[in-house]
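Undergrad: When you read off a place in the sequence shown, starting at 1, and then add 292, the result is the number in my numbering.
After the structure tokens below, expect a handful of questions from me.
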Amino acid sequence: LLRKNLFVRFLDILLKGYGQVLICLHPVTGLLVILAIFYVSTEIGGLTLLGILASTLTAFLIRVRRLHLYGGVYGFNGVILAVAWPWFLKLNAVSVVLLIWAACLSSFLMKFLSHLSSRTKLNVPIFSVPAVFLIWGIVAALKAFPPARNLLGPDVRIEEYLYVFADRFAYLGAHFTWEMFFATFNQHLGAAALILLGICVHSRISALFAAVALIATLLTLGLGRSAELAALELYLYNTVPCAI
């Protein structure tokens, strides 16, 4: 079916691009990641669709390696950019155009860095390096250009989320409690379950490693100060791809 139907092939590439956010090469994983993102925020979900379409279509146009293209390698930087965008820029027409432009540029950067890496002895995978460099570059450029500084975020939706998040941690003592965890993250447990299921579809051993790593990180942070717990999600989100 993938060989005969171009639409199905393209859909498969997009889904694998979402799956690659978790370093998982499976279209069903990608579908569950999409559902998890939309579960948390329909706006960010819509942005990820724009980002992955822009980065993937650009990859088609610049004729990247077919193996990488079909594996979704060129799509997931577009997703990462879209998820990060409201944390750094206010959402309006100009910032959305900037997102599409950055997603297109991420494919050029991915192709260049992959070629550069393949010529070295290490030949390390590039992963999300293009997205990180582009976010740093765009934020630095906007700060250096005074008329554009009003674009800098975080977006009001993220500000509201951070305000509620900080308020929930205000009453905490020095130690972590499971009651606090479920009170704070109950609205995201559904998304977390979808993500874990998606990893399990790709590999059961990866899902086990991710679950163990998350629990270990939670217990480690629980022995520290509440100030560390206030940035809990920022600690946790590197844990999963590292485990996989």
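Positions of the beta carbon are idealized from the N, C-alpha and C atoms, including for glycine.
Computed from a predicted model, the values in this text were never measured in an experiment.
Give me, in chain order, the residues of the same chain whose beta-carbon lies closer than 8 Å to that of L488; leave out the 5 immediate sequence neighbours on both sides.
TA: Excluding sequence neighbours, L488 sits near A499, A502, A503.
Undergrad: Pull up the distance between the alpha-carbon of P438 and that of L444, whole angstroms please.
TA: Computed Cα separation, rounded: 11 Å.
Undergrad: Per DSSP, what are the beta-bridge partners of L282 in this structure?
TA: Residue 282 is absent from the structure shown; the chain starts at 293 and stops at 536.
Undergrad: Quick check on the burial criterion: 16 or more other C-beta atoms within 10 angstroms. Buried or exposed for F380?
TA: Buried, because 16 or more other Cβ atoms sit within 10 Å of the Cβ of F380.
Undergrad: When DSSP labels each residue in this structure, what does T350 get in the three-state scheme?
TA: The answer is helix: DSSP assigns T350 an H, G or I state.
Undergrad: Write down the C-beta distance between L359 and L391 rounded to the nearest angstrom, noting that I regard them as a contact closer than 8 Å.
TA: The pair is not a contact, with the Cβ atoms about 27 Å apart (cut-off 8 Å).
Undergrad: Could you give the distance in angstroms between the alpha-carbon of L323 and the alpha-carbon of L303?
TA: Whole-angstrom Cα-Cα distance: 10 Å.
Undergrad: Following the continuous alpha helix (DSSP H) through V431, name the residue where it begins and the one where it ends.
TA: V431 -> alpha helix (DSSP H) spans 421-436.
Undergrad: What residue range is occupied by the uninterrupted alpha helix (DSSP H) comprising R358?
TA: 358-362 is the span of the alpha helix (DSSP H), which, as asked, contains R358.
Undergrad: Do you know whose CA, among G337, K413, I372, lies nearest Y529's CA?
TA: The shortest C-alpha separation from Y529 is found at I372.
Undergrad: Just the C-alpha distance for A433 and V386, rounded to the nearest angstrom, thanks.
TA: Going by the C-alpha atoms only, they are around 15 Å apart.
Undergrad: Using the beta-carbon count (16 or more within 10 Å), is P417 buried or exposed?
TA: When all chains shown are included, P417 counts as exposed.
Undergrad: By the three-class DSSP mapping on this structure, what secondary structure does K403 have?
TA: Helix.
Undergrad: Quick check on H480: does DSSP put it in helix, strand or coil?
TA: The answer is coil: DSSP assigns H480 none of H, G, I, E or B.
Undergrad: Could you tell me whether the region 404-411 touches the region 343-350, where touching means 3 or more Cβ pairs closer than 8 Å?
TA: Touching, no, given that fewer than three Cβ pairs across the two stretches are closer than 8 Å.
Undergrad: Can you tell me where the alpha helix (DSSP H) holding C534 begins and where it ends?
TA: From DSSP, the alpha helix (DSSP H) with C534 extends over 531-535.
Undergrad: From the DSSP output, in three-state form, read off I315 for me.
TA: Coil, per DSSP.
Undergrad: Can you tell me whether DSSP reads N415 as helix, strand or coil?
TA: Three-state result, N415: coil.
Undergrad: Please identify the residue among L317, I536, W393 whose C-alpha is closest to the C-alpha of G343.
TA: Considering only alpha carbons, the answer is W393.
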